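K.L.:
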Amino acid sequence: MPQKSLADFSFLDAPSWEVAPQLLGCELERIFDDGSVVRVKIVEVEAYDQSDEASHSYRGKTMRTETMFGSSGHLYVYFTYGMHYCANIVTSGAGRGAGVLLRAVEPITGIDIIENRRKTTGVNATNGPAKLAQALGIDFDMRGHDLRSGSLRLIPYSPLPRSQIVASPRIGISRAKDTLWRFYIKDNSYVSKPN
DNA sequence: AGCGGGATTTTCT
DNA sequence: GAAAATCCCGCTT
5 MPQKSLADFS
15 FLDAPSWEVA
25 PQLLGCELER
35 IFDDGSVVRV
45 KIVEVEAYDQ
55 SDEASHSYRG
65 KTMRTETMFG
75 SSGHLYVYFT
85 YGMHYCANIV
95 TSGAGRGAGV
105 LLRAVEPITG
115 IDIIENRRKT
125 TGVNATNGPA
135 KLAQALGIDF
145 DMRGHDLRSG
155 SLRLIPYSPL
165 PRSQIVASPR
175 IGISRAKDTL
185 WRFYIKDNSY
195 VSKPN
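Just so we're aligned: the first sequence equals residues 5 to 199 in my numbering.
(1) Just how far apart, CA to CA, sit P160 and V49?
(2) Check whether the Cβ atoms of L32 and L158 sit closer than 8 Å, and answer yes or no.
(3) What is the rounded straight-line gap between the Cα of G176 and the Cα of Y85?
(4) Quick test of your reading: V94 and S75, contact by CB under 8 Å. State the CB separation rounded to the nearest angstrom.
(5) DSSP on K135, reduced to helix/strand/coil?
(6) By a C-beta neighbour count over all protein chains shown, 10 Å radius and 16 as the cutoff for buried, is M67 buried or exposed?
(7) Please go through the same chain and pick out, in chain order, the residues whose beta-carbon is closer than 6 Å to the beta-carbon of H60, but skip the five residues on each side of it.
(8) What ranges does the alpha helix (DSSP H) occupy inside the stretch 125-169, keeping only unbroken runs of at least 4 residues that lie completely in it?
(9) Let me know if S193 comes out buried or exposed under the rule of 16 or more other beta-carbons within 10 Å of its beta-carbon.
(10) Within 10 angstroms of its Cβ, does D116 collect 16 or more other Cβ (buried), or is it exposed?
(11) Ignore the nearest five residues each way along the sequence and tell me which others in S36's own chain have a CB closer than 8 Å to its CB.
(12) Confirm, please, whether the CB-CB distance from D53 to P25 is below 8 Å.
(13) Between Q138 and R121, how many whole angstroms is the CB-CB distance? I'm expecting something under 8 Å.
(14) Check each candidate in M72, H88 and E57 and name the one with the smallest Cα separation from S178.
(15) Just to confirm before moving on: does the CB-CB distance between N199 and S172 stay below 8 Å?
(16) Smallest Cα separation from E119: which of L16, V44 and G97?
(17) If you follow the alpha helix (DSSP H) that E119 is in, where does it begin and where does it stop?
(18) For G39, which option in G114, T130, V170 and F187 has the closest C-alpha, if you only look at C-alpha atoms?
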């Protein structure tokens with residue numbers, strides 16, 4: 005398989021709420037240190053932006069959110085509830101604090117590896133932001149990782165037709181509850197909370 | 001199927 | 001010192 009050209013990642017250099025639905029159907033390839041490979045399809049995401057009260061970047065750049073203000077296509081990893089890592093794909097280019105939270109993925113290859121890592125099977129292995137982070141081995145070691153190459157790669161695809169995408173309020177936030185910045189693939193069984 | 005609580009530590013006030 | 005872009009388990013319907 006030939007390496008994708010850099011131009012294929014240019015769609016990330018746009019506002020997060022426009023990028024988010026375009027990430028649905030794209031894939032992630034994870035190559036672990038032992039050489040084993042896992043591939044998944046993105047089926048649920050949420051957009052966050054510095055203009056948005058619910059975003060970690062709302063109150064400006066901090067030590068934690070520095071990567072959100074950096075280049076598009078890098079990985080913003082945060083730690084929450086004392087035990088969970090979650091991952092965002094940074095969007096909007098340098099200077100603007102924005103990203104797209106990965107909320108659910110569908111395993112394509114390496115399902116046995118995923119289920120071993122998660123100690124569970126089926127949809128429960130990857131139908132949540134902290135679940136997929138654990139499944140893909142994402143923690144603070146991956147902070148700021150460039151998703152265009154290396155051990156975790158984004159593989160872009162053409163956008164899905166709008167009829168296959170559902171927009172809804174985001175999950176687990178206390179502010180900006182009415183903003184419809186959660187996007188998921190209609191009827192996909194790996195979505196964390198179908199409406 | 002749905003609710004309620006506990007886990008556990010980083011980050012910001 | 002409190003909240004957190006969550007998950008899991010156990011208990012009740």
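Built from N, CA and C at the ideal position, the CB exists for glycine as well.
If you're wondering where the values come from, they're calculated on a predicted model, not measured in any experiment.
P.N.:
Short version:
(1) Here residue 160 refers to the residue found at position 156 of the first sequence. Here residue 49 refers to the residue found at position 45 of the first sequence. The straight-line gap from Cα to Cα measures roughly 15 Å.
(2) On the first sequence, position 28 is the one that residue 32 refers to. On the first sequence, position 154 is the one that residue 158 refers to. The answer is yes: Cβ separation under 8 Å.
(3) As a working mapping, residue 176 is identified with position 172 in the first sequence. As a working mapping, residue 85 is identified with position 81 in the first sequence. Cα atoms of G176 and Y85: separation of roughly 12 Å, rounded to the nearest angstrom.
(4) Here residue 94 is taken as the residue at index 90 of the first sequence, counted from 1. Here residue 75 is taken as the residue at index 71 of the first sequence, counted from 1. Confirmed, Cβ separation roughly 7 Å.
(5) Residue 135 sits at position 131 when you count from the first residue of the first sequence. Helix, per DSSP.
(6) The residue labelled residue 67 in the question sits at position 63 within the first sequence. The residue is exposed, with fewer than 16 neighbouring Cβ atoms inside 10 Å.
(7) Here residue 60 is taken as the residue at index 56 of the first sequence, counted from 1. Hits under 6 Å: T69.
(8) The qualifying runs are 133-139.
(9) Here residue 193 is taken as the residue at index 189 of the first sequence, counted from 1. Exposed: under 16 other Cβ atoms inside 10 Å.
(10) Stepping through the first sequence from its first residue, residue 116 is reached at position 112. Result: exposed.
(11) Within the first sequence, numbered from 1, the residue matching residue 36 stands at position 32. It should be pointed out that residue 36 corresponds to Phe in this sequence rather than to Ser. Cβ within range, chain order: V42, I117, G141 and S155.
(12) Your numbering for residue 25 matches position 21 in the first sequence. Your numbering for residue 53 matches position 49 in the first sequence. No, Cβ-Cβ distance for P25 and D53 is not below 8 Å.
(13) For the purposes of this step, residue 138 is identified with residue 134 of the first sequence, where counting begins at 1. For the purposes of this step, residue 121 is identified with residue 117 of the first sequence, where counting begins at 1. Rounded, the Cβ-Cβ distance is 6 Å, consistent with contact.
(14) Locating residue 178 in the first sequence gives position 174, counting from the first residue. Among M72, H88 and E57, the Cα nearest to that of S178 is on E57.
(15) Locating residue 199 in the first sequence gives position 195, counting from the first residue. Locating residue 172 in the first sequence gives position 168, counting from the first residue. Yes.
(16) Position 115 of the first sequence, counting from 1, holds the residue named residue 119. Answer by Cα proximity: V44.
(17) Here residue 119 refers to the residue found at position 115 when the first sequence is read from its first residue. Residues I115 to R122.
(18) Within the first sequence, the letter at position 35 stands for residue 39. The option with the nearest alpha carbon to G39 is G114.
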